[in-house]
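Visitor: Residue numbering for the sequence shown follows the numbering used here, beginning at 1 and increasing consecutively. One structure, as structure tokens, below. Some questions next.
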Amino acid sequence: MTRQTHNPTAVQIEPKPRPDWSRWTRIDAHCHSNASDGPALRALGVIGIPECYSEPEQVYDQARARGMDLVTITDHDTIAGAMTLKERGFEGFIVGEEVTVFFPEDRCKLHVNVWDMTPELHEEIETLGLRDDVYAFCHWLRDRSLPHALAHPVYVQNGKLSMWHLERCCLLFRGFEIVNGAHSGTHRQSVERLLQWLDPERIRAFSIKHSLKPVFDQPWVKGHTGGSDDHGLLNIGRTFTAIKNAPGEKITDPRAFFDLVMEGCSTASGDAGHASLLAHQLTTVASHYTARKLTPDMDAGQRYLASKLLRFAGVPTDTPSKKRLAWHMAKRKLLLGKRKSRSLPITKALRETIGPVLEKYPDLRERFSPDMWVTGSALSQHDRMAEFADDLTAALSKAMASGALDAARKRDKYGIVDHLISYTVLLAAQVPYVFSLFYQNKERELVEQMNHSLAEPGSGASALERPMKVALFTDTLGDINGVCRFIQNAAEHANRTGRELDVITSTTFDVPEWGNIHNFEPSFATSIPKYENLQVVLPPLVKMLRHVDRTQPDVIHISTPGPVGLVGYIAAKMLRVPVLGVYHTDFPAYIDHLFEDHGFTWATKRFMHWFYNPFSAIFTRSHDYIDSLEGLGLDRDKCLSLQPGVDTEIFDTRFADADYFPNLGGEGEVNNRTSSRETVRVLYVGRVSVEKNLPMLVKVWKETDKRCKERGLDAELVIVGDGPYRKEMEKQLKHTRTRFLGFRHGEELSTIYASADIFAFTSTTDTLGQVVMEAQASGNAVLVTDKGGPQEVVHRGKTGYVLPHDKPGLWADRLVELIANDEAREQMGQRAHEAMQSMTLEDSFDHFWEAHVGAWHRHLAGMGIRPIEGGSIPAAITRDPS
Numbered sequence: 001m002t003r004q005t006h007n008p009t010a011v012q013i014e015p016k017p018r019p020d021w022s023r024w025t026r027i028d029a030h031c032h033s034n035a036s037d038g039p040a041l042r043a044l045g046v047i048g049i050p051e052c053y054s055e056p057e058q059v060y061d062q063a064r065a066r067g068m069d070l071v072t073i074t075d076h077d078t079i080a081g082a083m084t085l086k087e088r089g090f091e092g093f094i095v096g097e098e099v100t101v102f103f104p105e106d107r108c109k110l111h112v113n114v115w116d117m118t119p120e121l122h123e124e125i126e127t128l129g130l131r132d133d134v135y136a137f138c139h140w141l142r143d144r145s146l147p148h149a150l151a152h153p154v155y156v157q158n159g160k161l162s163m164w165h166l167e168r169c170c171l172l173f174r175g176f177e178i179v180n181g182a183h184s185g186t187h188r189q190s191v192e193r194l195l196q197w198l199d200p201e202r203i204r205a206f207s208i209k210h211s212l213k214p215v216f217d218q219p220w221v222k223g224h225t226g227g228s229d230d231h232g233l234l235n236i237g238r239t240f241t242a243i244k245n246a247p248g249e250k251i252t253d254p255r256a257f258f259d260l261v262m263e264g265c266s267t268a269s270g271d272a273g274h275a276s277l278l279a280h281q282l283t284t285v286a287s288h289y290t291a292r293k294l295t296p297d298m299d300a301g302q303r304y305l306a307s308k309l310l311r312f313a314g315v316p317t318d319t320p321s322k323k324r325l326a327w328h329m330a331k332r333k334l335l336l337g338k339r340k341s342r343s344l345p346i347t348k349a350l351r352e353t354i355g356p357v358l359e360k361y362p363d364l365r366e367r368f369s370p371d372m373w374v375t376g377s378a379l380s381q382h383d384r385m386a387e388f389a390d391d392l393t394a395a396l397s398k399a400m401a402s403g404a405l406d407a408a409r410k411r412d413k414y415g416i417v418d419h420l421i422s423y424t425v426l427l428a429a430q431v432p433y434v435f436s437l438f439y440q441n442k443e444r445e446l447v448e449q450m451n452h453s454l455a456e457p458g459s460g461a462s463a464l465e466r467p468m469k470v471a472l473f474t475d476t477l478g479d480i481n482g483v484c485r486f487i488q489n490a491a492e493h494a495n496r497t498g499r500e501l502d503v504i505t506s507t508t509f510d511v512p513e514w515g516n517i518h519n520f521e522p523s524f525a526t527s528i529p530k531y532e533n534l535q536v537v538l539p540p541l542v543k544m545l546r547h548v549d550r551t552q553p554d555v556i557h558i559s560t561p562g563p564v565g566l567v568g569y570i571a572a573k574m575l576r577v578p579v580l581g582v583y584h585t586d587f588p589a590y591i592d593h594l595f596e597d598h599g600f601t602w603a604t605k606r607f608m609h610w611f612y613n614p615f616s617a618i619f620t621r622s623h624d625y626i627d628s629l630e631g632l633g634l635d636r637d638k639c640l641s642l643q644p645g646v647d648t649e650i651f652d653t654r655f656a657d658a659d660y661f662p663n664l665g666g667e668g669e670v671n672n673r674t675s676s677r678e679t680v681r682v683l684y685v686g687r688v689s690v691e692k693n694l695p696m697l698v699k700v701w702k703e704t705d706k707r708c709k710e711r712g713l714d715a716e717l718v719i720v721g722d723g724p725y726r727k728e729m730e731k732q733l734k735h736t737r738t739r740f741l742g743f744r745h746g747e748e749l750s751t752i753y754a755s756a757d758i759f760a761f762t763s764t765t766d767t768l769g770q771v772v773m774e775a776q777a778s779g780n781a782v783l784v785t786d787k788g789g790p791q792e793v794v795h796r797g798k799t800g801y802v803l804p805h806d807k808p809g810l811w812a813d814r815l816v817e818l819i820a821n822d823e824a825r826e827q828m829g830q831r832a833h834e835a836m837q838s839m840t841l842e843d844s845f846d847h848f849w850e851a852h853v854g855a856w857h858r859h860l861a862g863m864g865i866r867p868i869e870g871g872s873i874p875a876a877i878t879r880d881p882s
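And the structure:
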């Protein structure tokens with residue numbers, strides 16, 4: 001295993017050949033100017049940020065520069081910007097308007113692009129009250145012979161759009177926008193499938209179902225359009241509507257072009273939207289607002305920094321001269337006197353890192369010139385800009401990390417606060433990306449409903465017929481423990497059986513180099529004091545969310561309630577999919593063992609309840625812990641015990657080697673007494689820590705060792721693993737026959753298990769105890785406590801003993817009995833080996849997978865997606881909103 005980190009942007013994809021558009025006439029049929037002066041989001045309206053700052057002339061020039069033969073502007077409910085170009089006679093230009101209309105039944109909002117608008121026609125929309133009645137509006141479009149297209153048809157604007165509305169739209173509109181440059185590409189597939197699905201018979205069925213006559217003749221014939229929906233001079237001309245023409249005969253009349261569109265002669269092409277694109281549009285608008293409203297009130301230093309950052313958006317602003325900047329610094333120093341100037345750590349980190357990071361992106365630097373707006377600012381290079389933002393965020397986090405740790409060690413409250421503020425600012429800078437990722441996924445349920453409604457049985461288009469994708473988030477994967485082995489086994493079996501399981505983590509530790517394991521380099525990582533093999537990390541939130549946005553899993557599985565697990569929960573909310581998880585570890589019991597503080601234990605229980613309560617299903621590794629989950633206030637009906645399993649290929653008696661321990665010599669021994677082939681070995685494998693109840697094992701072995709010496713029995717205790725209790729445990733057992741081997745891996749670990757005789761596991765906090773199953777599969781008789789999950793995988797008196805967790809004397813009795821009786825010990829080990837052969841990893845993984853399929857299908861059923869026949873549309877999906 002090696003340390004593997006995941007960098008999606010580093011994957012080299014062979015570029016598709018660019019089509020030859022020379023024989024086509026093209027127009028970006030959907031773009032905005034500064035006449036669209038309403039807020040893009042209601043919240044932004046409070047502070048007066050309009051949705052677009054682009055001058056109409058700039059929209060025209062960029063469209064032409066990017067190869068558009070014709071140009072339009074479709075501002076929201078206004079033609080003011082477009083008319084400034086029309087009145088000045090701009091060649092090949094047609095006036096458009098993105099008209100807001102509503103279904104009168106429930107006020108479901110739609111946007112419709114209409115072209116060849118005039119001031120008189122715009123006025124009619126108002127005077128006739130057409131915005132409030134989509135039916136009247138569509139008849140008006142037909143009566144005025146106006147080319148049009150329902151914009152972004154699957155975009156849910158006010159939470160009301162459903163299949164019921166879309167079916168009616170098929171009866172109302174002639175034109176549909178197939179590709180929108182600001183909305184997800186998944187919309188395109190669904191809209192195209194819907195329009196291809198239409199035929200005279202289905203239109204007739206819709207008409208009867210809705211008691212609504214089609215507005216246009218041959219309503220199954222639809223005009224297809226595409227447009228960038230640009231608001232920031234970033235994407236104009238990258239998405240467009242095209243009509244093929246004879247060589248040398250471009251269409252020069254925009255109205256004639258759109259008449260052909262309405263006859264179904266067009267194609268929509270170019271780039272669909274994605275989260276980075278939307279984030280950069282929002283950032284561009286915010287940059288213009290900053291330059292116009294905020295920078296005038298800044299001092300010279302602030303204005304200088306702002307000018308450097310605004311270059312990314314291609315927004316020109318006055319940059320203070322060197323003389324003025326020097327005067328500002330001198331004046332500031334004079335005012336401060338001998339007082340030390342305090343600035344936030346992020347300011348210093350930004351000065352130190354932005355230059356070196358930017359050096360890796362010379363293509364972005366080239367776009368800092370104000371004259372580059374025609375071909376696009378740095379923010380118009382979406383993939384590269386997203387990669388730059390990820391790199392800069394990571395560099396800033398690392399630059400501030402040492403100062404944050406130093407402030408924490410020194411208990412410097414001002415330093416701690418400053419670093420908390422700085423990290424908050426860094427998170428706030430990522431808000432456009434996070435918001436856009438959520439925004440681009442908000443129609444996922446409607447898209448799934450559409451695909452299901454239109455699917456023919458057996459076509460694979462319905463979610464019920466395609467293979468399920470699961471993304472598993474875990475904070476621990478490079479450690480040596482049962483949780484890690486469970487996850488690695490799941491990943492391996494998913495690969496082997498063709499299931500789509502992605503394992504996602506963020507660690508600096510080594511992880512397996514498998515195609516379905518993705519290790520994202522942490523923005524910040526530090527080891528937990530006394531637990532050097534455990535880490536606290538700050539995962540790269542945006543990079544991880546971008547990964548799951550691209551892979552679109554159907555179910556999120558959270559394996560651990562740590563920072564990576566929290567990212568998984570955010571991902572589930574973003575994708576609107578069910579989230580499931582395993583309660584691998586009894587954390588309240590761990591905390592109680594470590595601190596013996598009721599307050600800490602209570603707080604941990606409250607956190608566990610808060611974290612797991614929203615889950616659709618909570619798995620535990622044993623039946624015993626279902627009661628514990630209910631004790632945390634969780635719904636018992638959501639709790640499920642997973643079928644345990646062990647890899648009987650890796651852990652098997654055939655790995656036994658009688659010479660393994662003698663060949664170690666004195667390695668790891670605390671009293672320098674070398675063992676022989678006849679020595680009976682009592683084994684412990686796991687973390688060497690107090691919460692594993694190892695002080696109990698110390699008491700047990702002291703007594704056992706004493707009795708063995710009295711009776712002349714040859715036995716030693718072997719500890720495999722490491723942790724904060726190791727030094728103390730070595731000290732406590734220095735007069736006993738004990739060997740500490742530290743971490744062991746792979747086939748050597750298999751050999752240790754199979755070459756041992758008895759496995760002693762005193763933990764009371766494990767939900768299963770994977771090591772107990774591995775020991776039994778390797779032929780060990782086992783001793784476990786009567787608290788926790790391990791007791792459920794032991795056949796009492798046959799494969800081992802289940803003993804009171806607080807009776808060290810009884811444990812010593814059983815150990816001495818087994819050490820002294822070779823025949824009884826060997827028979828118990830043989831029965832343990834045989835018992836594990838029926839608990840295969842294959843069966844365990846199948847149970848794990850089917851539980852996720854069940855949760856996914858229940859989620860789909862809640863959306864009205866159930867098995868259908870003949871491609872008919874289920875009433876549950878197409879219900880009347882009234």
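Backbone N, C-alpha and C fix where the C-beta goes; we use that ideal spot for every residue, glycine too. In this text, all values refer to a predicted model and were calculated from it rather than measured experimentally.
#1: Evaluate His745 with the Cβ neighbour count: other Cβ atoms within 10 Å of its Cβ, from every protein chain shown; 16 or more gives buried, anything less gives exposed.
#2: Where does Gly862 sit, in a helix, a strand or coil, going by DSSP?
#3: Would you list, in sequence order, the uninterrupted alpha helix (DSSP H) runs of no fewer than 4 residues that lie entirely inside the segment 29–99?
#4: For Met863 and Glu445, I'd like the C-alpha separation in whole angstroms.
#5: Are Ala65 and Asn113 close, meaning C-beta to C-beta below 7 Å?
#6: What's the C-alpha gap between Val771 and Arg576?
#7: One question on the structure: do Ala463 and Leu860 come within less than 7 Å of each other, judged by their Cβ atoms?
#8: When you compare each of Gly742, His32 and Trp115 to Tyr684 by their alpha carbons, which one comes out closest?
#9: Quick one: Cα of Asp549 to Cα of Leu437, how far?
#10: Taking 7 Å as the CB-CB cut-off, is Phe611 touching chain D?
#11: Kindly indicate which three-state DSSP category Leu472 falls into: helix, strand or coil?
#12: Can you find the residues in the same chain that come closer than 7 Å, C-beta to C-beta, to Pro662, ignoring five residues on each side of it along the sequence?
#13: Check this for me: beta carbons of Ile178 and Arg188, under 7 Å apart or not?
#14: From which residue to which residue does the beta strand (DSSP E) around His557 run?
#15: Residues in its own chain within less than 6 Å of Pro19 by CB, not counting five upstream and five downstream?
#16: Alpha carbon to alpha carbon, what distance is there between Asn516 and Asn495?
#17: Under DSSP, the alpha helix (DSSP H) around Leu545 begins and ends at which residues?
#18: Where does the unbroken alpha helix (DSSP H) through Leu694 begin, and where does it stop?
#19: What runs of the beta strand (DSSP E), each 3 residues or longer, lie entirely inside the segment 441–525?
#20: Tell me whether the beta-carbon of Gly565 lies closer than 7 Å to the beta-carbon of Ile558.
#21: May I ask you to list the residues that DSSP assigns as paired with Tyr923?
#22: Which residue marks the beginning of the alpha helix (DSSP H) containing Thr751, and which one marks its end?
#23: Quick one: using the 10 Å Cβ neighbour count with 16 as the cut-off for buried, is Ala306 buried or exposed?
#24: Is it true that the CB of Thr25 sits closer than 7 Å to the CB of Asp75?
#25: Pick from Val794, Asp786 and Ala832: whose alpha carbon is nearest that of Leu810?
#26: In angstroms, rounded to a whole number, what distance separates the CA positions of Ala404 and Lys442?
#27: Under the three-state reduction of DSSP, which class applies to Thr347: helix, strand or coil?
#28: Less than 6 Å between C-beta atoms, sequence neighbours within five positions excluded: which residues of the same chain meet that for Tyr289?
#29: What are the complete alpha helix (DSSP H) segments, minimum 4 residues, inside the segment 794–824?
#30: Exposed or buried, what is Val431 when buried is set at 16 or more other beta-carbons lying within 10 Å of its beta-carbon?
#31: By DSSP's criteria, Phe102 is part of a beta bridge. Which residues make up the other side?
#32: Kindly indicate which three-state DSSP category Thr840 falls into: helix, strand or coil?
#33: Is the beta carbon of Val794 sitting closer than 7 Å to the one on Gly800?
#34: Take Ser750 and list the residues in its own chain whose beta-carbon comes closer than 8 Å to its own, dropping the five residues that flank it on each side.
#35: Is the beta carbon of Asp418 closer than 7 Å to that of Pro316?
#36: State whether the segment 263–279 contacts the segment 109–124, with contact taken as three or more CB pairs (one from each stretch) at a distance under 8 Å.
Guide: Judging by the given coordinates:
#1: Taking the sequence shown and counting its residues from 1, the one referred to as residue 745 is at position 745. So His745 counts as exposed.
#2: The residue given as residue 862 occupies position 862 in the sequence shown. Here Gly862 sits in helix by DSSP.
#3: 42–45, 56–65 and 80–87
#4: For the purposes of this step, residue 863 is taken as the residue at position 863 of the sequence shown. For the purposes of this step, residue 445 is taken as the residue at position 445 of the sequence shown. Answer to the nearest angstrom: the Cα atoms are 7 Å apart.
#5: For the purposes of this step, residue 65 is taken as the residue at position 65 of the sequence shown. For the purposes of this step, residue 113 is taken as the residue at position 113 of the sequence shown. The answer is no: Cβ separation not under 7 Å.
#6: Within the sequence shown, numbered from 1, the residue matching residue 771 stands at position 771. Within the sequence shown, numbered from 1, the residue matching residue 576 stands at position 576. The straight-line gap from Cα to Cα measures roughly 36 Å.
#7: The sequence position of residue 463 within the sequence shown is 463, counting from 1. The sequence position of residue 860 within the sequence shown is 860, counting from 1. Yes, these two residues count as a Cβ contact at 7 Å.
#8: Reading the sequence shown from its first residue, position 684 is the one you call residue 684. Selected option, being the one with the closest Cα: Gly742.
#9: Within the sequence shown, residue 549 is the residue found at index 549, counting from 1. Within the sequence shown, residue 437 is the residue found at index 437, counting from 1. When rounded, the distance between both Cα atoms is 7 Å.
#10: The structure shown contains no chain D, having only a single protein chain.
#11: One-based indexing of the sequence shown puts residue 472 at position 472. Leu472: strand per DSSP, three-state reduction.
#12: Position 662 of the sequence shown, counting from 1, holds the residue named residue 662. Closer than 7 Å at Cβ, skipping near neighbours: Ser675, Ser676 and Arg677.
#13: Numbered from its first residue, the sequence shown carries residue 178 at position 178. Numbered from its first residue, the sequence shown carries residue 188 at position 188. In this structure, Arg188 lies closer than 7 Å to Ile178 by Cβ.
#14: On the sequence shown, position 557 is the one that residue 557 refers to. Looking at the DSSP string, the run of the beta strand (DSSP E) that includes His557 is Val555 to Ile558.
#15: Along the sequence shown, one-based indexing puts residue 19 at 19. Here the set comprises nothing.
#16: One-based indexing of the sequence shown puts residue 495 at position 495. One-based indexing of the sequence shown puts residue 516 at position 516. In a straight line, the C-alpha of Asn495 is about 8 Å away from that of Asn516.
#17: The residue given as residue 545 occupies position 545 in the sequence shown. That run of the alpha helix (DSSP H) goes Leu541 to Thr551.
#18: Position 694 of the sequence shown holds residue 694. Leu694 to Arg711 is the span of the alpha helix (DSSP H), which, as asked, contains Leu694.
#19: 469–473, 500–505 and 517–519
#20: Working through the sequence shown from its first residue, we reach residue 565 at position 565. Working through the sequence shown from its first residue, we reach residue 558 at position 558. It is a contact, given that the beta carbons lie within the stated cut-off.
#21: Since the displayed the chain opens at 1 and closes at 882, residue 923 lies outside it and no answer follows.
#22: As a position in the sequence shown, residue 751 is number 751, starting the count at 1. Looking at the DSSP string, the run of the alpha helix (DSSP H) that includes Thr751 is Gly746 to Ser755.
#23: Position 306 of the sequence shown, counted from the start, is the residue given in the question as residue 306. With 16 or more other Cβ atoms within 10 Å, it is buried.
#24: As a position in the sequence shown, residue 75 is number 75, starting the count at 1. As a position in the sequence shown, residue 25 is number 25, starting the count at 1. Against a cut-off of 7 Å, the Cβ pair of Thr25 and Asp75 comes out as no contact.
#25: As a first step, residue 810 is located in the sequence shown; it is residue number 810 there, counting from the start. That would be Asp786, whose Cα lies nearest to the Cα of Leu810.
#26: Numbered from 1 along the sequence shown, position 404 holds the residue referred to as residue 404. Numbered from 1 along the sequence shown, position 442 holds the residue referred to as residue 442. So the alpha carbons of these two residues sit roughly 36 Å apart.
#27: Taking the sequence shown and counting its residues from 1, the one referred to as residue 347 is at position 347. If DSSP states are grouped into helix, strand and coil, Thr347 belongs with the helices.
#28: Residue 289 sits at position 289 when you count from the first residue of the sequence shown. Within the same chain, Tyr289 has close Cβ partners Ile49.
#29: 808–820
#30: Counted from its first residue, the sequence shown places residue 431 at position 431. By the 10 Å Cβ count, Val431 comes out exposed.
#31: Looking up residue 102 in the sequence shown gives position 102. According to DSSP, which records beta bridges pairwise, Phe102 is partnered with Lys109.
#32: Numbered from 1 along the sequence shown, position 840 holds the residue referred to as residue 840. In the structure shown, Thr840 sits in a strand (DSSP, three-state: E or B).
#33: Locating residue 794 in the sequence shown gives position 794, where the first residue counts as 1. Locating residue 800 in the sequence shown gives position 800, where the first residue counts as 1. The answer is yes: Cβ separation under 7 Å.
#34: Position 750 of the sequence shown holds residue 750. So the qualifying residues of the chain are Ile650, Phe651, Asp652, Phe655 and Ser778.
#35: Residue numbering aside, residue 316 sits at position 316 when the sequence shown is read from its first letter. Residue numbering aside, residue 418 sits at position 418 when the sequence shown is read from its first letter. For Pro316 and Asp418, no; Cβs fall outside 7 Å.
#36: no
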